[in-house]
Amino acid sequence: MRSVALPDALPDGSRFIHIGLPKTGTTALQGALDRARPRLEELGAHNVGKGRHEMRVGQVAADGLAEFWQGSWEQRWQELAREFRTSAARCTFWSSESLSHAKGERVAYLADQLGADTHVVVTLRPLAPLMVSQWQQWLRRRGVQSLEEWATSQFEAVSVEGDVSVDYVRFAPMLHRFSLRRIVEEWGPVFGEDKIVLVVPDARDRARTFRVFERLMGVPEVLEAVPEGNASLPYPEAEMLRQFNRAYTDHDGDHATWMEAIGVLARIPLRDYTNTLAPHPIRAPRWVAERANEYAAAWNAVVEASGVTVVGDLADLLVDPADHAEEVAVPTAVDVASAGRLMDVVFTAALEHASRTHAATTAATPAEPDLTTYGGRQLLGELGRRARRRVIRR
């Protein structure tokens, strides 16, 4: 392992991908990269992604796109990959935490599509608070377990040694996807451990990640924070959402409808609503913090024995369990005004989803001819056919 305070600039003509990890400041970083795009282009740093983050494109690239998402994402992925590997810019990059879904042979596929000489940059965060953030994100995907129930299931799914005890096809258990052991063992042999850069955050300097990426790109300080728009729900509202998910699931609600209505149509209204609420941070109980430290320490040992570059101090990926309460009370009440606003967000999204579904169904159904175009005998025949169709439908 090579440890540095700040990295050197990558050689001219280099390319790198930032694969997350999710909930490690990626939204803030991608927002800053997008805002600084014109200036970065002037400085020779080319961002192949459009907008802040082409999430679905990254999911296609990593073979992590859920079946219910529709669209021509494959074509856009091929365009992006071609632009990335053929770019003549001094530095070319792409940021997508969706890429961290890639596993096994899909990592090799990415190297084939993007170029095996591509550098891989990974932003990190202490595991205990990261698990809390992932639980909240899971709620936004119709999760129904409490924080402690969910954490228990995650620890049971993946051992400290990295053994996965559950079957999965596309989406790896959280502690496997976020494992630094997995990144070293799966990405290292394909891209080269010397081309992997792990970025440890500095709790005292939230802008430090910006400085790290500027150094990698070989540009001056041009990245500035933009409103993230990715605030976490306060604990009472998070619990209310969890109970809504449970009720929806108990009534056999289908996942595709939930994801379209709440995961997509309600995403921005839910974000705007969240940004107006008084914070009520969610803290992991002490036992979760202690268990998370066991995993983080084991991962750090693998990193230390590897040839990757670490920016910062791996010890900062551990937390002090004494800072975490033995037990964390789960809220059982929510402010009625806040509950009303959350109901409005969900109900509005449901109405919009129903409207879109109706419009799509109507567009796909051929319109019946106007009866005024028929003569007497033709009119009687058409009325008979329509009556028979209605009887059959019943």
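Numbering (numbering that gives the first Met the number 0), first residue to last: 0 to 393.
Every residue, glycine too, gets a C-beta built ideally from N, C-alpha and C.
Treat the numbers as computed from the prediction; the structure is a model and nothing was measured.
- Scanning Ser-178, Gly-63, Tyr-234 for the CA closest to the CA of Pro-278 turns up Tyr-234.
- Between Val-165 and Ala-156, the gap from beta carbon to beta carbon is short of 7 Å.
- Short of 7 Å from the beta carbon of Glu-351, and not among the five residues preceding or following it, lie these beta carbons of its own chain, in chain order: Leu-264.
- The Cβ-Cβ distance between Ser-94 and His-45 does not fall below 7 Å.
- Two segments are said to touch when three or more pairs of C-beta atoms, one from each, lie closer than 8 Å; by this definition the segment 142-162 touches the segment 281-292.
- A direct Cα-to-Cα measurement between Arg-51 and Leu-32 gives close to 8 Å.
- Residue state for Thr-331 is assigned as coil, using DSSP reduced to three classes.
- DSSP places Val-307 in the coil class of the three-state scheme, outside both helix and strand.
- By the criterion of a C-beta distance shorter than 6 Å, Leu-146 is surrounded in its chain by Trp-134, once the five residues flanking it on both sides are discounted.
- When the beta-carbon positions are compared, Thr-275 and Val-196 stay at least 7 Å from each other.
- Taking a C-beta distance under 7 Å as the contact criterion, Leu-98 and Ala-65 do not qualify as a contact pair.
- Within the segment 180-255, complete beta strand (DSSP E) segments of at least 3 residues are found at 195-198, given in chain order.
- Taken atom to atom, the span from the alpha-carbon of Val-218 to that of Leu-39 is near 8 Å.
- The straight-line gap separating the alpha-carbon atoms of Asp-201 and Arg-355 is approximately 45 Å.
- Gly-311 and Glu-184 have their alpha carbons spaced roughly 21 Å apart.
- Taking C-beta atoms under 8 Å as the contact rule, Tyr-294 and Leu-126 qualify, at a distance of about 6 Å.
- If the five residues before and after Arg-81 are omitted, its C-beta is found closer than 7 Å to no C-beta atom of its own chain.
- Residue environment analysis places Ser-13 among the buried positions, since at least 16 neighbouring C-beta atoms fall within 10 angstroms of its C-beta.
- Its chain contains Trp-298, Val-302 as the residues whose beta carbon lies nearer than 6 Å to that of Leu-179, once the 5 sequence neighbours on both sides are disregarded; these appear in chain order.
- Contact between the segment 317-335 and the segment 237-245 is present: three or more C-beta pairs spanning the two stretches fall below 8 Å.
- At the C-beta level, Arg-89 and Gly-48 stay beyond 7 Å of one another.
- Note that the C-beta distance between Pro-284 and Glu-223 is not below 7 Å.
- With respect to Val-59, Glu-41 sits apart: the two C-beta atoms are not nearer than 7 Å.
- DSSP places Phe-83 in the helix class (H, G or I) of the three-state scheme.
- Note that the C-beta distance between Glu-96 and Thr-25 is below 7 Å.
- Between Ala-338 and Thr-273, the beta carbon gap of about 14 Å keeps them out of contact (Cβ cut-off 8 Å).
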